[in-house]
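In the working numbering, the protein residues as written are 51 to 689.
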């Protein structure tokens, strides 16, 4: 018998006993209407299956995450007046968005199945988990019962006093005895939630992956799509697999700016933009969401291990290093992730989601021709592979690329073609936005990026205050407004510094250092050293943000960095072999299920191990979990 059944029966017995002892009085005043309504709602919730409430809450969150971006894309043009539309067309688009959000293999149902199914299956498998747990205890630790059960030391002393010290040596451990210990009861409950959540999440990922690949030309969970660069995107027939993960971001990122389209660019392009990157081969539409949950689950497990090991308390050098890593782990993770992401952006763009490439390109206001030529090669890749060499003849592909850069920059092709020059002038790298010296270019880039980001971060910091802290905002409006403005400015300065640091590093390595040290090879600088320094330094800009946001940003960027190393981790034989597609499909499902089950279980039983944003979203979905057994275990353990 489980602890939850014991607790429920005890409460039922106490309530029936009290009801029989004190019959209702005939002169009792009638209950107020509000009290009767509360009692009716309470009785209804008691008759409902507890998993129904969890399913409803999770379904509502998933539905909101699915339909809100679509509604914004439909209604914002009406508010701004940029694209007039008829009422019937708007109504049809809204209806189509609702149908997509409520589809049987959409995000709403999948999220509801993950949470509601975890709750529904928890009680069903708890007895089986308890039996397996007790069997494992008997196998792994075949010692006396007093080592496991409460009060074992007292029984041991009494047995020795009565001359019965050898009686309990062969006494087996029973499930009921183990459940009397709060520690073991809590472990069984946690394992039940973990296993149930894993099974339910496996069903939900199967629902998501059963969605047919439809055409889309806009969004991705990986990042916002640059609307100004839509002319350079793939044709409208591009499939979901070619564009990257299409599952909406569940709002887990505290930086909505990383998921929303940026304001229009101030530059006017005189010629059409070429394609940015080739499509990723055999990409799952849910891969980005799977990596996101995997990183969150890993973060939960690392925090639990860090809490148990106590490595930071050691007085030696290892303890000192452990304390340093623990203190700056978020900064180091963000720095390493950005280093890898930006390097792939410049040299391995096919390893990033296409929309994420477009977003970085647009925020940095880079000339796309410096990075792409008809979607085949990049100028930086030409230089790195020795095909763009100063003072040597070039191939027709390189000449064609140079002519495109010269046309866009408004200069002669002779200043770009490497045959007759010793270095590419930095003004070509600056483009139209950063005309002037390298220092002026970095300052302009910082100001432009700050302006773009502030327009997005201001509502990001304002909306939570209006929704959850309106009382404080009303009591102290001036102080609250100043706090919001400072927070938005701080976040905008972080991202602006991220952008400007790359430009400053590139110009320093390829222009300023060769002027000071003439022996430095310009070809080597343009072959990867200047870009590598920018990729190395840009991640340290996160130090501008506060500690809490650093951690969230690190966990946000880590899945993108992990995305870029998948091709390196998985052997090519597996990727291209006959079993590659099968392994990728079922491997991702298993990873998604285990990761989601871990995060859900931690949210229910150890919410302190889950990061704030994910804990807020999943905490709202699980509610109180209707878990009297969980609460009872915590109460007993506190005593």
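Built from N, CA and C at the ideal position, the CB exists for glycine as well.
Residue i: first and last residue of the uninterrupted alpha helix (DSSP H) it sits in
| i | result |
| --- | --- |
| residue 389 | 379 to 397 |
| residue 37 | Here the chain has residues from 51 to 689 only, and residue 37 is not among them. |
| residue 486 | From DSSP, residue 486 is part of no alpha helix (DSSP H); its letter is neither H nor E. |
| residue 555 | 527 to 557 |
| residue 174 | 157 to 190 |
| residue 112 | 100 to 130 |
| residue 438 | First-last for residue 438: undefined, no H or E at that position. |
| residue 400 | Segment: none, residue 400 is in no alpha helix (DSSP H) and carries neither H nor E. |
| residue 464 | No alpha helix (DSSP H) holds residue 464; DSSP gives it neither H nor E. |
| residue 605 | 597 to 614 |
| residue 451 | 446 to 459 |
| residue 589 | Residue 589 -> no alpha helix (DSSP H), and no H or E assigned at all. |
Per-residue DSSP class, three states only, for residue i
| i | result |
| --- | --- |
| residue 474 | coil |
| residue 324 | Reliability of the predicted coordinates at residue 324 is poor, the pLDDT of 40 falling under 50, and no value is obtained from them. |
| residue 673 | coil |
| residue 152 | coil |
| residue 18 | An answer regarding residue 18 cannot be provided, because it is not within the stretch 51 to 689 covered by the chain. |
| residue 233 | helix |
| residue 628 | coil |
| residue 646 | helix |
| residue 41 | There is no way to answer for residue 41, as the model of the chain reaches only from 51 to 689. |
| residue 568 | coil |
| residue 366 | coil |
| residue 665 | helix |
| residue 214 | Only weak support is given to the placement of residue 214: the predicted model assigns it a pLDDT of 46, under 50, and the value that follows is read from those uncertain coordinates. Coil at residue 214, not helix or strand. |
| residue 443 | coil |
| residue 620 | coil |
| residue 582 | helix |
| residue 260 | coil |
| residue 240 | helix |
Buried versus exposed call for residue i [16 or more other C-beta atoms within 10 Å across all chains shown]
| i | result |
| --- | --- |
| residue 491 | buried |
| residue 411 | buried |
| residue 349 | buried |
| residue 344 | buried |
| residue 154 | exposed |
| residue 238 | buried |
| residue 15 | Any question about residue 15 goes unanswered here, given that the chain covers just 51 to 689. |
| residue 224 | exposed |
| residue 393 | buried |
| residue 614 | buried |
| residue 375 | exposed |
| residue 176 | buried |
| residue 626 | exposed |
| residue 534 | buried |
| residue 464 | exposed |
Cβ distance (whole Å) where residue i is taken to contact residue j below 8 Å
| i | j | result |
| --- | --- | --- |
| residue 481 | residue 459 | 7 Å |
| residue 171 | residue 246 | 4 Å |
| residue 694 | residue 107 | The requested residue 694 does not occur in the structure, where the chain is confined to residues 51 to 689. |
| residue 167 | residue 250 | 3 Å |
Rounded C-alpha distance that separates residue i from residue j
| i | j | result |
| --- | --- | --- |
| residue 500 | residue 554 | 16 Å |
| residue 442 | residue 469 | 5 Å |
| residue 256 | residue 113 | 18 Å |
| residue 388 | residue 543 | 17 Å |
| residue 641 | residue 595 | 32 Å |
| residue 144 | residue 667 | 25 Å |
| residue 397 | residue 174 | 52 Å |
| residue 606 | residue 342 | 8 Å |
| residue 276 | residue 181 | Legend: pLDDT at residue 276 = 33, less than 50; position of this residue unreliable, value from coordinates given subsequently. The alpha-carbon atoms of residue 276 and residue 181 are separated by roughly 55 Å. |
| residue 639 | residue 338 | 12 Å |
| residue 581 | residue 556 | 6 Å |
| residue 42 | residue 521 | In the structure as shown, the chain starts at 51 and stops at 689, and residue 42 therefore has no counterpart that could be examined. |
| residue 563 | residue 572 | 10 Å |
| residue 600 | residue 384 | 8 Å |
| residue 386 | residue 584 | 13 Å |
| residue 530 | residue 513 | 12 Å |
| residue 162 | residue 355 | 30 Å |
| residue 653 | residue 188 | 30 Å |
| residue 45 | residue 158 | Nothing about residue 45 can be read from this structure; the chain reaches only from 51 to 689. |
Min CB distance residue i to chain D below 8 Å
| i | result |
| --- | --- |
| residue 374 | No chain D is part of this structure, which consists of one protein chain only. |
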